[in-house]
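Structure record follows, encoded as structure tokens.
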Amino acid sequence: MEEHQRISADRVTRKRGKSTTMAVVSSPVEKVDNNVSKAEMERKNLHDHHLNAVKLTLEAAEKKWNDKTVSQTERFMIRAQEILLIKQERTTPVAFVPSGLSMDEDQKTFSRIEEEVRKYTPLCARISSFKCPNVKIAFQTICNELNSPSSTTPRALRDEIHTNSDSIKMVAILVEKAEYFKKNVFPQLLQLLSSVDLPYLFIVGVSHCIGNFDRFIPSNCNTAFVYSSFETVSTTQRLNQVLYNILDPDLGPFTLDGEVVKFLCRHYQSQHASIQRLFQAYRICLLEHYRKPESVLCRVPYPESSAVEDDTLAKVSQLSGIPNGKKMTKTINECWVHIAHWNFVIRIICFIKSSLRAVAPEDLFKDLYISCSTGLFFETAEEEIESPYKRFLTDIRNLPKSGLKKVICKLSWDLGLEESKHDPYQGLIHSMGEAYFLHTKVREIIDTVEKLNDDLERLDEQEIQLAENPNPPVETKFKIKKGIGRNDLKQASGWKYTDIQLMERIKIKSCSQPVNALRDAFISFIENLVKTYLKPFPSLLKGVYHKAYIFDDVLTLKSLFSPDPFSYVTNSLMLPSEILNCKCCEDVSTDSNIPSLPDTSIVFKLLREQTNKKVDLNILYQAFLSILETDEVSARGRKSIRQKKLDPNVCLLRFRQSVAELQFSGVLKRSRTKPDEITKLTWQ
């Protein structure tokens, strides 16, 4: 027992309901040679580099959202100032801020709003529904925020504000989570404050967009409330934008599987739409991925060169079971290229779908990423006729000329080809990185898009020429009629079309044929991309290379965020050696009981042997005492069992402590009528 007490609990971590011991870097046992420590340091550097890139991306997104809120606050303050100055009757401007965010992020948003409000007026008070259960406490909080703690009535507050301030333009009241006030608290507060002649304005935070804000406004009040609503970024749009940014291949080759992304989305919704908690879950994915030895290969290598040094490859080969580590370099480069192509092609498909549906690419990227990585994009559902991929191609085939032109131009713009016509690759090299752009086939894909764009421009020029010259001379008629069959001309002549009508018919057919050819080329371009690069993750990479680049361990995330406590308690009590990391209990099975096991584990195993639901403590104690008094000794190579004397008081104390610990863990409960009887509990 003394050995179990000396073991530190700091080295214990949980995984999938079991307990595993992490390697301590400073321990001389784990640090076998320089190669292991060097590989661990490389994995740590890769993890830190990717984590910092994700942090910067999230900070940029939060800054963008806050800037939008601040700009709307500025516009509201200017409008409220005009209303309070121009209106002769008593008017109170009210602005509602629909956020739907978690409490921490909502407080950050209101801190930025308060910063902006104080630029226009120093008289600003901020209250929260969670800290103000009634009108009295809410009013006193406003008085304290306005530096008038001695005021107890609205008139006293007005007199003190007039005494301390020379000119009063506005008195701003900021309210967080207004719908969480108790019934009629917020309307009564508005009625109380509006009973005196002070230029109040209110900025009220609500969790979601409400169609009718009248339920927050008191009906019997002598003040006219003019209210408006901020246009904030919804929680779904925030999630789509964050996933679009953190799954960007520019951050690194680390890739999440579609099932993991689906789990992160569910976790985001269950955690009150908190971006910070989503980031913590993504960080756990990074930690779990770079904990594996194969993750040292998850970097941006260059073809025809070594991805990592040979000694590191040899160590990874030894840990992963690949025969020769030196032959891994070429395969590593090929795997990295597959990941780069997959990420680039899925964004091209996303850009095209966003043009077809006239929505932002961020709103479609999440579902498209999940369906393509899992293979659902190419499968036909039970109640549907064709797969999403077939429907996608059908939508492109049904596009008119104007729609096709819009899609191709939008694709060129999204890829950055329209920003710098003189050097279209410069922006892409700057955004993607030289290795990502120059050592893959991304340039060939972009060249094809440029060729389609050039064909579209030539088609526009041909249209302009036909529009400027509707009646070409007779000798040029057959040049324009190129591609139209002889039977069509005979049929047109038989119908006795006039010359102008015939030329209009020829113009339509001569223009439609290049459009059809351009549409067929565009569809062929998409089909080649999908067939060559856009494969589901299970068939994209295999074996150790799949583990090196793609994180798909959903079971670990579920065990961490939705753990099974009974399974963990049971496994810990049945196999305590995995937690305690002691050598004396390593060979003990789940059914055997030896004195070196912890007392709680011994009692738990004895309790499981009882067939009845109710167990007598006296019988259980005698079995516990018989195990403690047995001792296994070795003499001349043979094992024998002997009895040893123990203090009965100490044994009884240890037994009672074990029973109390099991009762605290929810394994059993004591009987209220019979003190010597316990009942086994079954977890549902």
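Sequence positions in the sequence shown follow the numbering used here and run 1 to 684. For every residue, glycine included, the Cβ atom is placed at its ideal position computed from N, Cα and C.
Residue i by DSSP, collapsed to three states: which one?
i, result
"T141", "helix"
"K669", "strand"
"D48", "helix"
"L534", "coil"
"C124", "strand"
"I678", "strand"
"F604", "helix"
"V94", "strand"
"T255", "strand"
"V260", "helix"
"V171", "strand"
"F664", "helix"
"I203", "strand"
"I113", "helix"
"A178", "helix"
"S165", "coil"
"I523", "helix"
"D647", "coil"
Taking just the CA atoms, how far does residue j sit from residue i?
i, j, result
"Q465", "S524", "28 Å"
"L540", "V337", "11 Å"
"E288", "R126", "42 Å"
"I579", "L573", "9 Å"
"K509", "T394", "Caution is warranted here: a pLDDT of 48 is assigned to K509, below 50, making its placement in the model unreliable, and the coordinate value is therefore given only provisionally. Those two C-alpha atoms are separated by around 22 Å."
"D676", "D616", "6 Å"
"P564", "R283", "Here the sequence assigns Asp to residue 564, which means Pro is not the residue at that position. If I take the Cα positions, the gap works out to 22 Å."
"M77", "Y120", "7 Å"
"K18", "L518", "Note that K18 has pLDDT 36, beneath the 50 cutoff, so the model's placement of it is unreliable and the number below is only indicative. Each residue's alpha carbon lies about 59 Å from the other."
"K64", "S601", "55 Å"
"V661", "K614", "Just to set this straight, residue 661 is Glu in the shown sequence, not Val. Going by the C-alpha atoms only, they are around 18 Å apart."
"T570", "I370", "35 Å"
"V296", "F130", "48 Å"
"S658", "E40", "41 Å"
"A61", "A281", "18 Å"
"G403", "I526", "16 Å"
"A360", "P199", "41 Å"
"A381", "C584", "55 Å"
"E450", "K535", "25 Å"
"D552", "E586", "31 Å"
"I168", "C143", "16 Å"
"F263", "F230", "31 Å"
"Q622", "F537", "58 Å"
"C409", "N453", "7 Å"
"T448", "K531", "16 Å"
"T685", "P293", "Since the first residue shown for the chain is 1 and the last is 684, residue 685 is missing from the structure and cannot be characterised."
"L620", "L607", "7 Å"
Spatial neighbours of residue i within its chain, please: C-beta separation below 7 Å, excluding the five flanking residues on both sides.
i, result
"L628", "P595, L646 and C651"
"R695", "The structure shown does not extend to residue 695, since the chain is modelled only from 1 through 684, so no value can be given for it."
"V196", "P154, R155 and R158"
"E379", "S387"
Is the beta carbon of residue i less than 7 Å from the beta carbon of residue j?
i, j, result
"K366", "N516", "no"
"S228", "A95", "yes"
"L192", "P154", "yes"
"E259", "V544", "no"
"A178", "V206", "yes"
"L251", "A53", "yes"
"S373", "D257", "yes"
"P98", "T255", "no"
"L157", "S151", "yes"
"T223", "R90", "yes"
"A340", "T440", "yes"
"E114", "V70", "no"
"Y290", "R43", "yes"
"W342", "Y180", "no"
"F186", "F216", "yes"
Rounded to whole angstroms, how far is the Cβ of residue i from the Cβ of residue j, which I believe are closer than 8 Å?
i, j, result
"K605", "N593", "5 Å"
"H272", "S102", "4 Å"
"V442", "F344", "6 Å"
"T92", "L201", "7 Å"
"L668", "L681", "6 Å"
"L415", "V407", "Their Cβ separation, rounded to whole angstroms, is 13 Å, which puts L415 and V407 out of contact at 8 Å."
"F703", "V603", "In this structure the chain extends from 1 to 684, so residue 703 is not present and cannot be described."
In its own chain, which residues sit with a C-beta less than 8 Å from the C-beta of residue i, not counting the 5 before and 5 after it?
i, result
"L58", "V242, N245, I246, I275 and F279"
"K674", "none"
Leaving out five residues before and five after residue i in sequence, what residues of the same chain have Cβ atoms less than 6 Å from its Cβ?
i, result
"S665", "V569"
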